[in-house]
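Let me begin by presenting the structure, written as structure tokens, before commenting on it.
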Amino acid sequence: MIDEPHREPSKRGPAAIDEARLRQHAIGVRLRQMFDDVVNEPVPDEFLEILRKHDQKPSGTE
Amino acid sequence: MAAAERSPAEDLAFKRELVGLIPHLRAFARTLTGDPTSADDLAQDAMMKAWDARASYQMGTNMKAWTFMILRNQFYSEKRRSWRQTQLDQEAAERTLVAVDDPEAPVALDELRQGLGMLPPEQREALILVGAGGFAYEEAAEICGCAVGTVKSRVSRARRALHAILEDGSYERDGAPAGDAMQAILADAERLSTIR
Chain A
47 MIDEPHREPS KRGPAAIDEA RLRQHAIGVR LRQMFDDVVN EPVPDEFLEI LRKHDQKPSG
107 TE
Chain B
179 MAAAERSPAE DLAFKRELVG LIPHLRAFAR TLTGDPTSAD DLAQDAMMKA WDARASYQMG
239 TNMKAWTFMI LRNQFYSEKR RSWRQTQLDQ EAAERTLVAV DDPEAPVALD ELRQGLGMLP
299 PEQREALILV GAGGFAYEEA AEICGCAVGT VKSRVSRARR ALHAILEDGS YERDGAPAGD
359 AMQAILADAE RLSTIR
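Sequences listed follow chains A and B, in order. Here the first sequence stands for residues 47 to 108, where the numbers follow my numbering. Here the second sequence stands for residues 179 to 374, where the numbers follow my numbering.
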């Protein structure tokens, strides 16, 4: 689906993967974690309020 | 606005999907701006722009990529208006991403954030979209308005550079010996992949 992140399955089996790949993979895991930490924060109420208020305005007004 | 042509049901479906994307917009905005407050301002602007432009969105296509493109365009057009902000970018980038208030956050997170901050912005952006945002190269190319091959090469250069930065410990750090960052990242990745 559109919202589904393209996650690689975690490849285990250290013998099969060379060291550099393992490290790149580790960085990748960390990077996603970093991003997901923010994604998982609760959304401030402000966002929904703004959207609701804006919605009540006749369309076309800025 | 053409929004009038849309049915209330369509608007509702659009809004529901848009609301679901807010967390992702916030995360992407934070990687661009550096601090959580202006990131949320940016994410809110992008959200409203997306809402206003809803008539031009084809339901069923990739709304996440579409909103990310709006957010990115918004960010760069604001930046063009204020050149003086440019100098702050590097500094901001280093604070970027996770100003998550988590005392348990592993050291490696900080190191990675700093490493990211050292990458050229276009490489950082490409790596974040593909490596963290879950976008395909084609989608990232659309978001950034460049060729797929350009995104591929940016991501690959970013990965190599980040790896080198973390291995060398060539980023600014307070005393700790170089090489620790990579070890910490490896340990974290190990831990995370066992959790998942």
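Using N, Cα and C, we set each Cβ at its ideal position, and we do this for glycine too.
Residue i versus residue j: straight-line alpha-carbon distance, rounded
| i | j | result |
| --- | --- | --- |
| residue 100(A) | residue 223(B) | 12 Å |
| residue 75(A) | residue 367(B) | 6 Å |
| residue 279(B) | residue 190(B) | Because residue 279(B) sits at a pLDDT of 46, beneath the cut-off of 50, its placement in the model cannot be relied upon, and the following sentence gives the value as read from the coordinates. Roughly 34 Å between the two C-alpha positions. |
| residue 217(B) | residue 211(B) | 6 Å |
| residue 256(B) | residue 344(B) | 32 Å |
| residue 253(B) | residue 98(A) | 23 Å |
| residue 283(B) | residue 186(B) | Confidence at residue 283(B) is low in this model, with a pLDDT of 48, below 50, so its placement is unreliable and the value that follows should be read with caution. For residue 283(B) and residue 186(B), the distance between alpha carbons rounds to 44 Å. |
| residue 82(A) | residue 215(B) | 18 Å |
| residue 306(B) | residue 64(A) | 24 Å |
| residue 87(A) | residue 205(B) | 9 Å |
| residue 277(B) | residue 184(B) | With a pLDDT of only 46 at residue 277(B), under the threshold of 50, the placement of this residue in the model should not be trusted; the figure read from the coordinates follows. Approximately 39 Å between the Cα atoms of the pair. |
| residue 249(B) | residue 301(B) | 17 Å |
| residue 235(B) | residue 361(B) | 45 Å |
| residue 237(B) | residue 258(B) | 31 Å |
| residue 299(B) | residue 332(B) | 10 Å |
| residue 334(B) | residue 315(B) | 11 Å |
| residue 71(A) | residue 241(B) | 28 Å |
| residue 382(B) | residue 84(A) | Residue 382(B) cannot be examined here, being either before or after the span of chain B that is shown, 179 to 374. |
| residue 209(B) | residue 102(A) | 31 Å |
| residue 92(A) | residue 228(B) | 16 Å |
| residue 89(A) | residue 359(B) | 31 Å |
| residue 201(B) | residue 308(B) | 17 Å |
Residue i and residue j closer than 8 Å at C-beta
| i | j | result |
| --- | --- | --- |
| residue 245(B) | residue 199(B) | yes |
| residue 329(B) | residue 304(B) | yes |
| residue 310(B) | residue 80(A) | yes |
| residue 341(B) | residue 67(A) | no |
| residue 221(B) | residue 321(B) | no |
| residue 233(B) | residue 297(B) | no |
Interface residues of chain A facing residue i [CB-CB closer than 7 Å]
| i | result |
| --- | --- |
| residue 363(B) | 72, 73 and 76 |
| residue 252(B) | The premise fails here: residue 252(B) is roughly 14 Å from chain A at the closest Cβ pair, so nothing lies under 7 Å. |
| residue 297(B) | The premise fails here: residue 297(B) is roughly 12 Å from chain A at the closest Cβ pair, so nothing lies under 7 Å. |
| residue 205(B) | 81, 84 and 85 |
| residue 225(B) | 93 and 97 |
| residue 208(B) | 84 |
Under 8 Å from the C-beta of residue i: neighbouring residues of chain E
| i | result |
| --- | --- |
| residue 201(B) | Looking at the structure shown, chain E is missing, and the protein chains on hand are A and B. |
Of the listed residues the options, nearest to residue i (C-alpha basis)
| i | options | result |
| --- | --- | --- |
| residue 213(B) | 186(B), 295(B) and 225(B) | 295(B) |
| residue 203(B) | 364(B), 292(B) and 226(B) | 226(B) |
| residue 288(B) | 92(A), 96(A), 67(A) and 73(A) | 73(A) |
| residue 312(B) | 92(A), 77(A) and 102(A) | 77(A) |
| residue 230(B) | 196(B), 201(B), 243(B) and 250(B) | 196(B) |
| residue 94(A) | 339(B), 193(B) and 207(B) | 193(B) |
| residue 323(B) | 247(B), 207(B) and 209(B) | 247(B) |
| residue 292(B) | 251(B), 308(B) and 339(B) | 339(B) |
| residue 346(B) | 290(B), 201(B) and 251(B) | 290(B) |
Listed by chain order, chain B residues near residue i by CB distance under 7 Å
| i | result |
| --- | --- |
| residue 69(A) | 341, 360 and 364 |
Amino acids of chain A, ordered along the chain, whose beta-carbon sits closer than 9 Å to that of residue i
| i | result |
| --- | --- |
| residue 197(B) | 89, 93, 94 and 97 |
| residue 191(B) | Result: empty, since nearest Cβ-Cβ is about 13 Å, beyond 9 Å. |
| residue 288(B) | Under the 9 Å cutoff, chain A gives no residues; its nearest Cβ is about 10 Å from residue 288(B). |
| residue 337(B) | 70, 73 and 74 |
Contacts of residue i in chain A (Cβ-Cβ under 8 Å)
| i | result |
| --- | --- |
| residue 346(B) | Within chain A, no residue comes near residue 346(B); the closest Cβ sits about 13 Å away, beyond 8 Å. |
| residue 439(B) | What is shown of chain B runs 179 to 374, which leaves residue 439(B) out entirely. |
| residue 306(B) | 77 and 81 |
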